[in-house]
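If you read the protein sequences in the order shown, they are chains A and B.
Numbering-wise, the first sequence is residues 670 to 1008 according to the numbering used here.
Numbering-wise, the second sequence is residues 670 to 1008 according to the numbering used here.
We treat Cβ as the ideally placed atom computed from N, Cα and C, and that holds for glycine.
I have placed the structure first, in the form of structure tokens, so that the comments after it can refer back to it.
Number of protein chains: 2
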Amino acid sequence: MRIILDGMGGDNAPASVVEGAVLASKKIEHIIAIIGQEELINAELAKYKFDSDKIEVIDAREVISNDDAPVRAVRSKKDSSIVKGINLVKNGEGDIFISAGSTGALLAGGLFILGRIQGIDRPALASVYPILGKKPSLLVDAGANAECKPNNLLEFGVMGSIYMEKVIGRENPRVGLVNLGAEAAKGTTLTKAAYDLLEQSHLNFVGNVEAREVPKGACDVIVADGFTGNVILKLTEGLAWNILQLIKKKFTEGTKAKLGAALLIDKINDLKKNFDYSEYGGAPILGVKGPIVKMHGSSSANAVMNTILKGIPYVEGNVVDTIQNSVLEIEEITLSEHE
Amino acid sequence: MRIILDGMGGDNAPASVVEGAVLASKKIEHIIAIIGQEELINAELAKYKFDSDKIEVIDAREVISNDDAPVRAVRSKKDSSIVKGINLVKNGEGDIFISAGSTGALLAGGLFILGRIQGIDRPALASVYPILGKKPSLLVDAGANAECKPNNLLEFGVMGSIYMEKVIGRENPRVGLVNLGAEAAKGTTLTKAAYDLLEQSHLNFVGNVEAREVPKGACDVIVADGFTGNVILKLTEGLAWNILQLIKKKFTEGTKAKLGAALLIDKINDLKKNFDYSEYGGAPILGVKGPIVKMHGSSSANAVMNTILKGIPYVEGNVVDTIQNSVLEIEEITLSEHE
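Shown next as structure tokens:
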């Protein structure tokens, strides 16, 4: 397997990316090819001992930043790490592309270079969602499609369920639809129609899930339109950060509190770890004809390493083919709705 | 002022409602009229000492439950506490109606009995949103309107801003629109059009607010469609509850942790208090021709008392009239969009 890693994407590139690649290469036998401006990547690599049979550098001169208009950037910057990296996956010279770069450019690259899996109307970003004290859930769509149709939500459920099973290793994952209430009749025109489609599928559909139940792990695959999914993901991040900040502030007010906090330091660190996205790997773009994984822009070396490690079952589990094979069911259900 | 309090609504009715009324009546000079099955309410009242000039009981034989279809219940149960109570406000025999009963029935009652303020297309539920370590924000719409048009979001901003200023006492409140990113061009067809309308208004519009920034207090009035608002409110509740549960669990594992927790008990209680909705009063239904406030179904006596106390500036601030007077601006902005 040849894993293509974007050396130029993210706030800490190429330093964290290169360090993460070195860490990962000590744990796996696959080849990691870091793509980007080679002199920068080589300068970082020079800081570490590593097996030169397992880490390669591929030169790409251009960089797509978060400020670039995604579609235009993908069309014009042919020698960027993102465009060149995704092309390697397309041509079979790479098995997966991993990047902490612009989400928009990765989506555009997935759509224009790899193309949609036939029968998938809207590829989606799937993000691991931390559940305190339990195994994480998977949120689809985490923000790729702000406006959705009912069949898109069915696609998200199908693709998310496959990824959850093949990559995260959860059998028969429970698929839930984010909605205003648990009753089937609740919600918007969109969620009501999506409910009907999901219920007809072979998925382990557990029905509507109220947002209150999402952080408690009410379902393994959280299905939502991209606007709602984005709100769920970002609100969780913001609120968790805020609570941890307040704990830090309160627990250092006064000698008594400081002493108490010192006794609880392990527990507080455990708590923080629950929200540490770096533990879970990145967010796959599901529905395009090849594995692309988006990492958080501020990914640490540890996060990069974990994303690389999670990329292996993504490739070996044949997730893309399995989605392709599941499309027939999606089409049968959505067509029968129009009869 | 005569405050009409629903004796039958909520999980702890009439016990908590009556206790809350007694607590509030010790702090204010206004009359509190508790409406519901009088023998039940009188039995609860008999447990307390109170000033009988300040607490009245009004008999209403029927009860609308959360299982009743709201519109049908409001049309058929004329002798229910909700229908009779809202009618008292309509007829000028009451100044405000406060209930922990069915949100749907309160909305239907507001719409059919009091009617919409002329020029307001969609009344909304406004909920106080806790901001850790800071003053709370106000979320509009918290779930009354799952599907919205751009002018509805403008209305939510205008009404929320007035309530924030008159009742919660925050001058020139910052109004923010929940969206995928901070840039004006971000979001859905709905949020983009709403952005344009809000920007033309006299409001202190601070632009788009990402969900990540909401819990940090990025704006005083959080504008969202009712589906998104409901997700924000419930996710916050669920996540906060979950974090507090985990803290409780972790901080009682082992002797060392227990000792630490004992030293921090005041701080932990402070933290809990930040999420205690009972401190903030209930959720007003804005946009109908009279004050109606929905309390949490599981409201404690303390929550009931606080909602009654917050009801006074709601009435005295002439919020309903002020909204009425602001409608002209809403109409001018939305009409100019169609020219």
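Sequence-distant residues of its chain with Cβ nearer than 7 Å to residue i (five each side left out)
i, result
"TYR832 of chain A", "ALA795, LEU807, PRO953, LEU955, VAL988"
"ASP720 of chain A", "SER694"
"ASN756 of chain B", "ILE782"
"LEU775 of chain B", "ILE751, SER768, ILE954, ILE961, LYS963"
Span of the beta strand (DSSP E) around residue i
i, result
"ALA793 of chain B", "793 to 798"
"GLU840 of chain A", "GLU840 of chain A -> no beta strand (DSSP E), and no H or E assigned at all."
"LYS963 of chain B", "961 to 963"
"ASN899 of chain B", "Premise fails: ASN899 of chain B lies in the alpha helix (DSSP H), 895 to 919, not in any beta strand (DSSP E)."
"PHE825 of chain A", "Per DSSP, PHE825 of chain A belongs to no beta strand (DSSP E); it is in the alpha helix (DSSP H), 819 to 835."
"ARG671 of chain A", "671 to 675"
"GLY876 of chain B", "873 to 879"
"SER806 of chain A", "806 to 809"
"ILE891 of chain B", "890 to 892"
Short Cβ contact (7 Å threshold) for residue i with residue j
i, j, result
"ARG791 of chain A", "ASN760 of chain A", "no"
"ILE700 of chain B", "LYS718 of chain B", "no"
"GLU824 of chain A", "ILE999 of chain A", "yes"
"VAL847 of chain B", "THR905 of chain B", "no"
"ALA702 of chain A", "GLU731 of chain A", "no"
"VAL809 of chain A", "GLY845 of chain A", "no"
"ARG881 of chain A", "GLY966 of chain B", "no"
"ILE1002 of chain B", "LEU866 of chain B", "yes"
"VAL691 of chain A", "VAL973 of chain A", "no"
"SER995 of chain A", "VAL827 of chain A", "yes"
"CYS888 of chain B", "VAL878 of chain B", "yes"
"ALA970 of chain B", "GLY689 of chain B", "yes"
"GLY929 of chain B", "GLY929 of chain A", "yes"
"LYS919 of chain A", "LYS936 of chain B", "yes"
Residues that residue i contacts on chain B, provided the C-beta gap is smaller than 7 Å
i, result
"VAL883 of chain A", "LEU904, GLY907"
"ASN911 of chain A", "LEU801, PRO884, LYS885"
"LEU915 of chain A", "LEU801, GLY802, LEU940"
Under 8 Å from the C-beta of residue i: neighbouring residues of chain A
i, result
"PHE825 of chain B", "Simply none; closest approach about 16 Å."
"GLU816 of chain B", "THR857, THR858"
"ASN899 of chain B", "LEU849, ALA880"
"PHE719 of chain B", "Chain A residues near PHE719 of chain B: none, gap ~36 Å exceeds 8 Å."
Chain-order list of residues whose beta-carbon lies under 6 Å from that of residue i (same chain, five-residue window excluded)
i, result
"ASP737 of chain B", "none"
"VAL678 of chain B", "Reading off the sequence, residue 678 of chain B comes out as Gly, not Val. Taken in chain order, the residues that qualify are SER768, ALA769, GLY770."
"ALA862 of chain A", "PRO819"
"GLY950 of chain B", "ASN975, THR976, LYS979"
"GLY784 of chain A", "LYS958"
"ASP894 of chain B", "CYS817"
Beta-carbon contacts of residue i that lie in its chain and below 8 Å, excluding the five residues immediately before and after
i, result
"PRO960 of chain A", "VAL758, ASP764, ILE765, PHE766, PRO953, GLY980, TYR983, VAL984, VAL988, VAL989"
"ALA854 of chain B", "LYS861"
Which of helix, strand or coil DSSP assigns to residue i
i, result
"ALA702 of chain A", "strand"
"ALA952 of chain B", "strand"
"GLU730 of chain A", "Residue identity differs from the one stated: residue 730 of chain A is Arg in this sequence, not Glu. Reduced to three states, the DSSP call for ARG730 of chain A is coil."
"SER750 of chain A", "helix"
"ASN994 of chain B", "helix"
"GLY986 of chain B", "coil"
"GLU708 of chain B", "helix"
"LEU776 of chain B", "helix"
"GLU882 of chain B", "helix"
"ILE724 of chain B", "strand"
"ASN760 of chain B", "coil"
"ASN975 of chain A", "helix"
"LEU1004 of chain B", "helix"
"LEU846 of chain A", "strand"
Chain-ordered neighbours of residue i on chain A, where CB pairs are closer than 7 Å
i, result
"LYS919 of chain B", "LYS936, ASP939, LEU940"
"GLY676 of chain B", "Result: empty, since nearest Cβ-Cβ is about 26 Å, beyond 7 Å."
"LYS658 of chain B", "Any answer about residue 658 of chain B is impossible in this case: the structure gives chain B only from 670 up to 1008."
"LEU928 of chain B", "LEU932"
"LEU807 of chain B", "Chain A residues near LEU807 of chain B: none, gap ~16 Å exceeds 7 Å."
"GLY812 of chain B", "LEU849"
Residue interval of the alpha helix (DSSP H) (run including residue i)
i, result
"ILE767 of chain B", "That residue, ILE767 of chain B, is in no alpha helix (DSSP H); its beta strand (DSSP E) goes 765 to 768."
"VAL957 of chain B", "It is not in any alpha helix (DSSP H) - VAL957 of chain B carries neither H nor E in the DSSP assignment."
"GLU688 of chain A", "684 to 694"
"ILE934 of chain B", "924 to 943"
"VAL743 of chain A", "739 to 745"
"GLU816 of chain B", "Element bounds for GLU816 of chain B: n/a, residue is neither H nor E."
"ALA862 of chain A", "858 to 869"
Contact with chain E by residue i, beta-carbon distance below 7 Å
i, result
"ALA742 of chain A", "Reference to chain E is not applicable here, since the protein chains of this structure are A and B."
Within chain A, the residues that residue i reaches when beta carbons sit closer than 9 Å
i, result
"PHE766 of chain B", "Chain A residues near PHE766 of chain B: none, gap ~24 Å exceeds 9 Å."
Partner residues on chain B for residue i, Cβ-Cβ distance less than 9 Å
i, result
"PHE874 of chain A", "Near PHE874 of chain A there are no residues of chain B at all, since even the closest Cβ is about 20 Å away, more than 9 Å."
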